[in-house]
Amino acid sequence: MISRLVKAAVRGVRNELAAGQSGWTDAASAGSVVSVSGAVVSHSTAMTISAAFDCVRKHAQAVASLPLAVYERQSDGSKKRIEPDLAEILTMTPNQNQTSLDYWEGMAAQTILGGNGYSEKLELPGGRLVGLRPLHGVVPQRLPGGGFRYSFIDRGKREYLPASKVFHVRGFGAGDGLGLSAIKYGANAFGAALSADESAGKVFKSGLMASGVVSSEQTLTAEQRAALQKMLEEYRGSTNSGKLMTLEAGLKFQRLQMNPEDVQLLETRRFNVEDVCRWFGVPPVVIGHAAQGQTMWGSGVEAIMLSWMTLGINPALRKIEAQARKDLVPPERRRRWFVEFNREALLQMDSKSKAEFLSKMASSATMTANERRAKLNLPPHPDPSAEQLLAQGAMLPIQDLGKE
580 MISRLVKAAV
590 RGVRNELAAG
600 QSGWTDAASA
610 GSVVSVSGAV
620 VSHSTAMTIS
630 AAFDCVRKHA
640 QAVASLPLAV
650 YERQSDGSKK
660 RIEPDLAEIL
670 TMTPNQNQTS
680 LDYWEGMAAQ
690 TILGGNGYSE
700 KLELPGGRLV
710 GLRPLHGVVP
720 QRLPGGGFRY
730 SFIDRGKREY
740 LPASKVFHVR
750 GFGAGDGLGL
760 SAIKYGANAF
770 GAALSADESA
780 GKVFKSGLMA
790 SGVVSSEQTL
800 TAEQRAALQK
810 MLEEYRGSTN
820 SGKLMTLEAG
830 LKFQRLQMNP
840 EDVQLLETRR
850 FNVEDVCRWF
860 GVPPVVIGHA
870 AQGQTMWGSG
880 VEAIMLSWMT
890 LGINPALRKI
900 EAQARKDLVP
910 PERRRRWFVE
920 FNREALLQMD
930 SKSKAEFLSK
940 MASSATMTAN
950 ERRAKLNLPP
960 HPDPSAEQLL
970 AQGAMLPIQD
980 LGKE
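With the first letter of the sequence shown counted as 1, position 41 gets the number 620 in the numbering used here; the numbers rise by one all the way through.
Below is the structure:
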């Protein structure tokens, strides 16, 4: 298997040298890339890889599931949640066909796959924003002045939108105004995974996958073969495990094992899972794949998940928040209005961490009882003391012990 991949890579390099190319080979001008393994890699073909599909899904669902709100910065530095029309668009109904969860899930998936997510800003005359419509198959075109205009196909006709009409979320590496595409730069890794999946499919389609053979030095008649086959059927399946088989007339049973090439194919596919996860910045354990020597439970996995939330999910959220403030908040409000995801919602699934967090907020006089109840979606307590900050008073001077 490895030798075939190496030969394919060599052929790809030779073809590039023969054509005088040093970059990527585009296929059918559809955003596809021909990898050195010969597989055509695009958004659609990459998503046929189970690891890629689950990486994109887990990332998009994690981003979209976090509560989002619009806030106003107060004069004392605190923030206050507000409900302008923009809040309804971002948190409830971006357009007539989608909920906010559907919309942000799609934008996050676009961004992690292609490095960029695009939406048309639906505005009334006068510039009032009333909705966001996702755009697909967008080709950004750089203008001489340094800005962009965006080309896309709408109902069979090519349309163009100026930058002022597009909400453009950039992914990693947007130094020149465009995010870097994992599909483009990881084409060889995805191509290798596609080729390995194709090879595995052919093995299972055409290969002989018997678990063992019964041999004899004698030639059996058709009746004897049928009787032998009937006898062997009685030992198949897990319910017959442990039975003793009696062989006679020189019959011998020999178990078959996978040959080295098939074992190498399985190892290649296992490595491809981890390689795909690396390109998307998603730990393999998140998609149910444990690396060699790693378990799926315990404090080690908890640390991995925390790292993913910090280094993977949080940067994606900051990108969306910054772009929304720049493109969606009215210019006259940008100094005070901002959009923010609630990161604390990531703790909701971990009751132990949530309890420890709220306990520390209480003992350090950081949050009142009603503020802590709000984190649990509980109504405020009517007792006035629920609005007071409390401090831990266990440490007292020794001369004050026993006093009220």
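C-beta: ideal position from N, C-alpha, C; glycine also.
Discussion item. Between Glu702, Gly694, Lys637, Ser698, which has its C-alpha nearest Tyr682's C-alpha?
Written reply: The shortest Cα separation from Tyr682 among Glu702, Gly694, Lys637, Ser698 belongs to Ser698.
Worksheet item: Would a C-beta distance cut-off of 8 Å place Pro646 and Asn921 closer than the cut-off?
Response: In contact: Pro646 and Asn921 (Cβ atoms closer than 8 Å).
Worksheet item: For the beta strand (DSSP E) that contains Lys744, what are its first and last residues?
Response: Per DSSP, Lys744 belongs to no beta strand (DSSP E) and is neither H nor E.
Worksheet item: Exposed or buried, which one is Asn676 when buried takes at least 16 other CB atoms within 10 Å?
Response: Exposed, because fewer than 16 other Cβ atoms sit within 10 Å of the Cβ of Asn676.
Fill in: Close Cβ partners of Lys700 (< 7 Å) along its chain, the five nearest in sequence each way excluded
Around Lys700: Leu708, Leu711, Lys744, Val745, Phe746.
Worksheet item: Which runs of the beta strand (DSSP E), 3 residues or longer, sit entirely within the segment 646–702?
Response: The beta strand (DSSP E) runs lying completely inside the segment 646–702 and spanning 3 residues or more are 647–652, 658–661, 695–702, given in chain order.
Fill in: Rounded separation between Leu680 and Leu890 - CA only
Cα-Cα distance, rounded: 22 Å.
Worksheet item: Alpha carbon to alpha carbon, what distance is there between Met810 and Thr798?
Response: Computed Cα separation, rounded: 18 Å.
Item to complete: Below 6 Å CB to CB, which residues in the same chain sit around Ala895 once its five sequence neighbours on both sides are set aside?
Response: Scanning its chain for C-beta atoms nearer than 6 Å, with the 5 sequence neighbours on each side dropped, one finds around Ala895 the residues Val642, in chain order.
Discussion item. Can you tell me whether Val865 is buried or exposed? The criterion is at least 16 other CB atoms within 10 Å of its CB, across all chains shown.
Written reply: Label assigned to Val865: buried.
Worksheet item: Who does Trp916 pair with in a DSSP beta bridge?
Response: Per DSSP, Glu651.
Worksheet item: Anyone know if the C-beta pair for Ile661 and Tyr650 falls short of 8 Å?
Response: Their beta carbons are under 8 Å apart, which means Ile661 touches Tyr650 by this criterion.
Fill in: As assigned by DSSP and simplified to three states, the class of Ser760
Residue state for Ser760 is assigned as coil, using DSSP reduced to three classes.
Worksheet entry | Local conformation of Ala771 per DSSP, three classes | In this structure, DSSP gives Ala771 a helical state, which the three-state scheme calls helix.
Discussion item. Measuring alpha carbon to alpha carbon, tell me which residue in Gly770, Gly879, Gly656 is nearest Lys618.
Written reply: Before going on, a small fix: residue 618 reads as Ala here, not Lys. That would be Gly770, whose Cα lies nearest to the Cα of Ala618.
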